Every structure is written in structure tokens, then in C-alpha cells.
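Protein chains in written order, with this note's numbering: chain A, 1 to 129; chain B, 130 to 548. Each residue gets a CB set at the ideal place from its N, CA and C atoms; glycine is no exception. This structure is a prediction, so every number in the text was calculated from the model and none was measured. Heads up: the structure comes next, in C-alpha cells.
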Amino acid sequence: MFDIIAVDISGRHKENGQYLMVCAAVAASITAHHVEKVNQINIRSFRSKNAPDVPMVVKMIEDTISGLDFTGTIVTEAGDMYNKPQWLINSMFQGKFKYQESLGERRCIEIAHHVSLSSRKLLLKEQNV
Amino acid sequence: MKNAILVKRNDPRSDGESNDRQLLELKHLADSAGYNVIAEMTQTRHPGRKYQVGRGKVDELAELVQENNADKIIFYNQLSTTQIYNISETCSCQVMDKFQLILEIFATRATTARSKLQVELARLEYELPKAKTIVSLLKKEERPGFMGLGGYEDSYERDIKGRISRIKKELKSMEKDSVSLREHRQSMGFSLVTLAGYTNAGKSTLFNALVEENTTVKDMLFTTLVPTTRFLKVMGRDVLLTDTVGFIEDLPHWMVDAFRSTLNEIFLADIVLLTVDSSEPLESIRNKLLVCHETMWDELLDAAIVTVFNKADKITAEELYERISGLGYLAPNPVAVSAKTAFGLDMLKDELRKHLPKWERTSIVLPMNEEGMSMVSWLFDRAVVHNIVYSENIEIDLEAMDRIINKALILSSKYLDDN
Chain A
1 MFDIIAVDIS
11 GRHKENGQYL
21 MVCAAVAASI
31 TAHHVEKVNQ
41 INIRSFRSKN
51 APDVPMVVKM
61 IEDTISGLDF
71 TGTIVTEAGD
81 MYNKPQWLIN
91 SMFQGKFKYQ
101 ESLGERRCIE
111 IAHHVSLSSR
121 KLLLKEQNV
Chain B
130 MKNAILVKRN
140 DPRSDGESND
150 RQLLELKHLA
160 DSAGYNVIAE
170 MTQTRHPGRK
180 YQVGRGKVDE
190 LAELVQENNA
200 DKIIFYNQLS
210 TTQIYNISET
220 CSCQVMDKFQ
230 LILEIFATRA
240 TTARSKLQVE
250 LARLEYELPK
260 AKTIVSLLKK
270 EERPGFMGLG
280 GYEDSYERDI
290 KGRISRIKKE
300 LKSMEKDSVS
310 LREHRQSMGF
320 SLVTLAGYTN
330 AGKSTLFNAL
340 VEENTTVKDM
350 LFTTLVPTTR
360 FLKVMGRDVL
370 LTDTVGFIED
380 LPHWMVDAFR
390 STLNEIFLAD
400 IVLLTVDSSE
410 PLESIRNKLL
420 VCHETMWDEL
430 LDAAIVTVFN
440 KADKITAEEL
450 YERISGLGYL
460 APNPVAVSAK
470 TAFGLDMLKD
480 ELRKHLPKWE
490 RTSIVLPMNE
500 EGMSMVSWLF
510 DRAVVHNIVY
520 SENIEIDLEA
530 MDRIINKALI
540 LSSKYLDDN
């Protein structure tokens, strides 16, 4: 089993003149093709007037995973880091970092995606109320 | 044999090794399609809008075509219709990209009605977004309709859309047949095991070794295009093993869609035997496993995966250990096998047996009459009978799926109630 923290960010597009982004970090133990146990989930919201660049995305992810009591390799989709080479992004994080590869990692990122997307929807709904 | 020149544009700052591997794969694909590769050309630059590669490189290519009498230019990179038109005008030679090459291979090897329809669908879906440009390029000088206000574009596009929907309908009805066949097989007590993996990983050789069959095996990409299913006995359990078409890097989504009914064999299996060629370098195996995970991940339900490190006879034990341990995070339940020398086949069967859907083991008492005997014969077909004792009644110790046991229990409880 491998310990990973799968991260996904929703809302990287401008809406009502600002970017409302929700970052979800899922701490899980996985095998190559299954998510064995989800240990913890943390979500954080971020607002920005400008589109996020790579250092900002890294900061958002670091902020979100700092709320977790878990150590593991940070895993994201390559698109989240603007398809920059893995070695470059790896050097920007404090812990280990890699892009998604196995079925287990992809499934874990899918969970993070659903969490961040639904929390963002909830935030927008609350705002409108 | 037609002569072909291979061209690849590499992205600046991209990995040199993977560029070489991709060009080698294109060469293998061209070989599979029956082309004689006479020259290769690469250029490192950002994609050009007019020719994909630079203007000077295209002139160089035109000279090379004339010198070598080439019949085709094959690009690794995906080309737009305008790029194909521009390059073929400059070089006076037919131009195609990797996807068209794959389609050509599929088209020449498609034998069944279903695979022919799949190839046609893939070709049409590839052509659809280009339909308007194709017509406007071909009819550049012509202005159709009254005062040149009409257009060919829409009618051609509509025609393609119509054909696509007709083929999809036909494929859907064919798929229904295979779904009901699959359900029927499962209800008969068969477990479905599918061989999946990168193209040329040795899936068909492994298939032949496991079921002692003679499907076509070649050291070539895309030898298998139509799934073949054969019966296999794994330690008392009946299994249907299916050999499928291999995966390839950068296979576009429309193509995956077109071959969905073929890939469904993988997605709906109980166990997937993910086959890799262990004689290749570690990085190459990793890349190929990545492609497999990427193709399967969204569709694969709760199938178990057994990773088969095939062609183990080609490397030493240390190298094999290095590959299996190094790829642990991508290769669940690894088994080393050589389909050629039959090494490790028993271990593979052991691993298969471990992951087959769980069957319940129970003892049932049946009446010693015609009805009871016919039930016994039915059970022998669908269950693993561990022990059977014939006395006043029939005591049978068996292992089967719930549905089969329930059916036998109905007869058993009726008999026990009567007595």
C-alpha cells in the first residue's frame, strides 16, 4: 500500500470578476488499482482577482495539505500544473510530489475532484442566498 | 511494397529518449501496415501552422521524396487538413499522420462485419471536423449554386453525420447481442478473464499458451483486431479467456469510442490480465503501463487486475526482480511468465484462481430419483463438485455461485419437507 495525498482544485475560471477556487486534499492509502482507505480530507477556499499561476497553485496546495495530519506523496493531474515537467514542480514542494499514474491514484483524484466541485457549488449557493 | 518516409516534429525541451521511442513505434506501425521505411526525418521546433514542420524542412522532404521515389510521407504528429494539403502539394506525394496509419492497419485487417463497421466509424469521426475544409480545398476554384452562393460543405458534412448515426445504431444492436451473450455465459457459471495490454506485449502468444490454441501470432503491432474467446479450466473453475486488441500511446478519444465494443470485453471482465513485455527497459514498460492505466481507468469496474510480466525468458532473474519491484505502484499482483517456454503458467493459474469471483461451498441432499439425477448432471455442468455420495439419497458437496446453489436448495428443501 502507498500513502498519497490526492489534490484537485475547482474554479480556475473567472466568474463575476473574480476567481473563487476550492482546493481539496484527500489523504488516502492506495494500491495500484484501488483506494484502500480514505484517511482524511481537507478543503480550503481561495479568492483571487488574477488567474492562478504555478507558484500560486503550489501555495494553495501547500496551504490545504497543511491542515492534514498525514504524510504522503502529493499527487495531481498534470493539467493542474500547466503540464510543466514533474522535476520542476517537485522542487517547488516541501514534500514529495508526482503526477497521477496508476488507477488507484486516478480514482483518488476523482474523489478530490468531486469534493472540491461540490464544495465550490455549495459556497456559490450560500453566497447567492 | 510501398516506400515511406517518416517525419516527426519534436517539442523543444522534450525528452530525447521518449522521442526516439515514439519514432521507433511509428516505424513498427509502418512495418505492420506493409510500408518499407526508406528514410526518417526529425525536427525540433514548435508546431508550424502551415506545414507542422518548418518551410525549409518541407523543401528538404520534397528533395528526399524525389531522390528515393517515396510513395508516402508519414507524420508522427497529428496534421490538420490544410497541413496535409500543403505538404502534399509541395512534395507531390501522399501524406498521412499516425492516426490515419493506424486506421489503415485496422482497415486492412478488419475481417468481421463488426470490425469493418468500427473502422468505418473511426474513419468518419476522424473526418467529420475536417469535412468543411476538405471540400473547400478540393473545390477551391468552383463556386456552386446560383451566382456562386451555394455550398458543398454542408451536404458533405450532413452525409457523414448521417452515416455515423447509421453505423452507431447498427453497432449498438450488435453490442446488445454480445452483452446478452456475456450475461448468458456468466449465468452458466463461467468467469470472464480478459487479456489486456500494450500492443505487441505478447497477449496472443500467452492466450495460445494458456488455451492451447493457434490464433495468429506475429512480432508486429496490432496483430489482433477481433477479440477471440476460448474456454479454459482453472483448478476446477470454468473460465472464458478473451484475447483483445492492444492499446497504443496517444490513442485519441474518438478512436477509443469507435472500438468501445471491443474494449467492453476488458471493462466487463471479472479479471483483467494486464500483460507487459518485461524484456523492454524499465522506463519503456512504465510508459506502456501508464497508457494501459489511462485507457482503462474510467471504465474499469471492480475487476481484479493481475499483471503478467511476459517474455521473462529474455532477461535474467535480477533484471526481472528489478522490473517487478520498481513498478509495484503500477503493476498489481505481478506474475512472471514466459508464454513461449511455458515458464510460470501454473503460477499464473494459481493467481487467477485466487482472484476469481468467490463461490460458496455447501452440502446439499437431493432425492435419488429422476429429478434428483438431472439436477446432479446440471450441477456438474455449472459447479465444482468436491464430493458426491449415492445412498438412499444423494449427498453432494459443491462449490458454486449463489444462484446455482439456490436452485439446488429449492429441490433439496422440497425433498426434505416431504420426508
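- For F46(A), the closest C-alpha among the options T31(A), G67(A), S10(A), T73(A) is that of S10(A).
- Distance from the CA atom of G17(A) to the CA atom of D63(A), rounded to whole angstroms, is 24 Å.
- Comparing alpha-carbon positions, the option among R184(B), Q207(B), K186(B), S221(B) lying closest to N198(B) turns out to be S221(B).
- Counted as a single uninterrupted DSSP element, the beta strand (DSSP E) harbouring L324(B) occupies residues 320 to 326.
- Taking C-alpha positions only, T241(B) is separated from R178(B) by approximately 39 Å.
- In the DSSP assignment, H515(B) falls within the unbroken beta strand (DSSP E) covering 513 to 519.
- Linking V22(A) to V437(B) through their CA atoms gives a straight-line distance of about 40 Å.
- Burial of V435(B) is indicated by the presence of at least 16 other C-beta atoms within 10 angstroms of its C-beta.
- By the neighbour-count definition (other C-beta atoms within 10 Å, threshold 16), F509(B) is an exposed residue.
- When DSSP states are grouped into helix, strand and coil, T241(B) belongs to the coil group.
- Proximity of A330(B) to chain A, defined by a Cβ-Cβ separation below 8 Å, is not satisfied.
- According to the DSSP assignment, T470(B) belongs to no beta strand (DSSP E), since it is labelled neither H nor E.
- A direct Cα-Cα distance of roughly 12 Å separates I523(B) from S503(B).
- For W507(B), none of the residues of chain A pass the 8 Å Cβ criterion, the least Cβ distance being about 36 Å.
- Here DSSP, grouped into helix, strand and coil, assigns L124(A) to helix.
- Under the Cβ criterion (8 Å, minimum of three pairs), the region 439 to 447 of chain B counts as touching the region 390 to 409 of chain B.
- Around the Cβ of K332(B), a 10 Å sphere holds 16 or more other Cβ atoms; the residue is buried.
- Not a single C-beta of chain A is nearer than 8 Å to the C-beta of Y450(B).
- If you compare the alpha carbons of W507(B), V466(B), N343(B) with that of E499(B), the shortest gap goes to W507(B).
- Listed along chain B, the residues sitting closer than 7 Å to T31(A) by beta-carbon distance are P461.
- For H175(B), there are no neighbours in chain A by C-beta distance under 8 Å, as the nearest C-beta there is about 14 Å away.
- Per DSSP, reduced to three states, the secondary structure at N343(B) is coil, with no helix or strand assignment.
- For secondary structure counted as the beta strand (DSSP E) over 3 or more consecutive residues, the region 180 to 214 of chain B holds these complete runs in sequence order: 201 to 204.
- DSSP, read as helix, strand or coil, puts T171(B) in strand.
- DSSP places Q151(B) inside the alpha helix (DSSP H), whose first and last residues are 145 to 161.
- Counting only runs that start and end inside the region 418 to 489 of chain B, the alpha helix (DSSP H) elements of at least 4 residues fall at 446 to 455, 474 to 484.
- For a Cβ distance threshold of 8 Å, residue set A32, H33, L103 of chain A lies close to I434(B), ordered along the chain.
- DSSP lists P496(B) as the bridge partner or partners of N522(B).
- Between V248(B) and F235(B), the CB-CB gap stays under 8 Å.
- Taking 8 Å as the cut-off, the beta carbon of V466(B) is found closer than this to the beta carbon of L335(B).
- Partner residues in the beta bridge of I4(A), as assigned by DSSP, are A28(A), T73(A).
- Judged by DSSP secondary structure, L369(B) falls within the beta strand (DSSP E) whose first and last residues are 366 to 372.
- In the structure shown, A133(B) falls within a strand segment according to DSSP collapsed to helix, strand and coil.
- With 16 or more other CB atoms across the displayed protein chains lying within 10 angstroms of its CB, E480(B) is buried.
- The beta carbon of I395(B) sits closer than 7 Å to the beta carbons of T323, A325, T373, V401, M425 from its chain, once the five residues preceding and following it are set aside; these are given in chain order.
- Take the alpha-carbon of G67(A) and the one of M56(A): they are about 17 Å apart.
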